[in-house]
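Worksheet: the structure to be examined is printed underneath.
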Amino acid sequence: MSQDLSIFALVAQASLIVQLVMAALLAVSVASWSVIFTKFFALGRIKRANEAFEQDFWSGRNLNELYQGVANRPQGAPLERIFASGMREFLKLRERRVTDPGAMLDGARRAMRASYQRELDALESHLSFLASVGSVSPYVGLFGTVWGIMHAFVGLSNLQQVTLATVAPGIAEALVATAIGLFAAIPAVIAYNRFARQIDRSAITLETFIEEFSNILQRNAASPAGQA
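Per full-length UniProt numbering, residue 1 is the first one in the sequence shown, and the count goes up by one each step.
Here you go:
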């Protein structure tokens, strides 16, 4: 009579420790896919929002009008929040009658750099989770495999005659843990590398905008009227 070597049968026949390892890896895999889909759509939305704001920014609109529109919109692109923080500090220093253009520019740049760091932290959220899943899951699966093989050989020690038919089920159910570990790790590693590249490009976009906007503020601070 042939033994059932399907995946579900192997999981059901595995030892308790191996089943716990498999359950943990499956839970981590589900959480990883949730992060992957959430991050994928979030980064795409952020990219489109940044591009829309850049187009609006370079369209020639008055900076004060643009700032008023951004200030009244709490949810927006990272570029909008960086622009708003720099513009807010610049206007605040001008209202305080600060006449040193360097001090006005430094204040605006510090505000934008602080906002940039917050935006970068938000972009990188949950990225470390994917890195951990990608690096740890194979080893957790390997632990389940080693434990399962040990358990299988302990059971075989009580048999008088060992054949391939008696060895195969125990080895197969142990190897399922490694397979599940790889199933959890491979998508996490691929997604992490893709998202890391996208975040690097977004960071370059934000830093470039800070430099370009700083040049505009420098000209405005140095002008006699100080008009933005």
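Note that beta-carbon positions come from the ideal geometry of N, C-alpha and C, so glycine has one too.
Where Glu65 is concerned, the enclosing alpha helix (DSSP H) starts and stops at 63–71.
For His126, the three-state secondary structure derived from DSSP is coil. A check of alpha carbon separations from Glu173 across Ala185, Ala152, Pro187 identifies Ala152 as the nearest.
When the Cα atoms are used, Gly76 and Ser137 turn out to be separated by approximately 36 angstroms.
A contact between stretches requires three or more CB pairs, one per stretch, nearer than 8 angstroms, and the region 55–72 fails this requirement with the region 174–193.
Taking 4 residues as the shortest admissible run, the region 21–108 contains the following complete alpha helix (DSSP H) segments, listed from N- to C-terminal end: 63–71, 78–95.
Between Tyr67 and Leu130, the alpha-carbon positions lie close to 37 angstroms from each other. Contact check for Leu123 against Ser202 passes: the beta carbons are separated by less than 7 angstroms.
A distance of 7 angstroms or more separates the beta carbons of Leu91 and Met104. Going by beta carbons, Ala114 and Gly86 fall outside the 7 angstroms limit. By the criterion of a C-beta distance shorter than 6 angstroms, Arg81 is surrounded in its chain by Ser115, once the five residues flanking it on both sides are discounted. By the neighbour-count definition (other C-beta atoms within 10 Å, threshold 16), Ile180 is a buried residue. Annotated three-state conformation of Ser115 is helix, per DSSP. If you draw a straight line from the Cα of Ser32 to the Cα of Arg97, it is about 52 angstroms long. Look at the region 170–220 and you find no whole run of beta strand (DSSP E) that is 3 residues long or longer.
Gly107 places its beta carbon 7 angstroms or farther from that of Glu95.
One alpha carbon belongs to Ile199, the other to Ala49, and they sit about 14 angstroms apart.
Relative to the Cα of Thr178, the nearest Cα in the group Pro78, Met22, Arg194 belongs to Met22.
Rounded to whole angstroms, the gap between the alpha carbons of Arg118 and Arg45 is 18 angstroms. When rounded, the separation of the alpha-carbon atoms in Phe40 and Glu207 is 22 angstroms. Residue environment: Thr145 is assigned as buried (16 or more neighbouring CB atoms within 10 Å of its CB, all protein chains considered).
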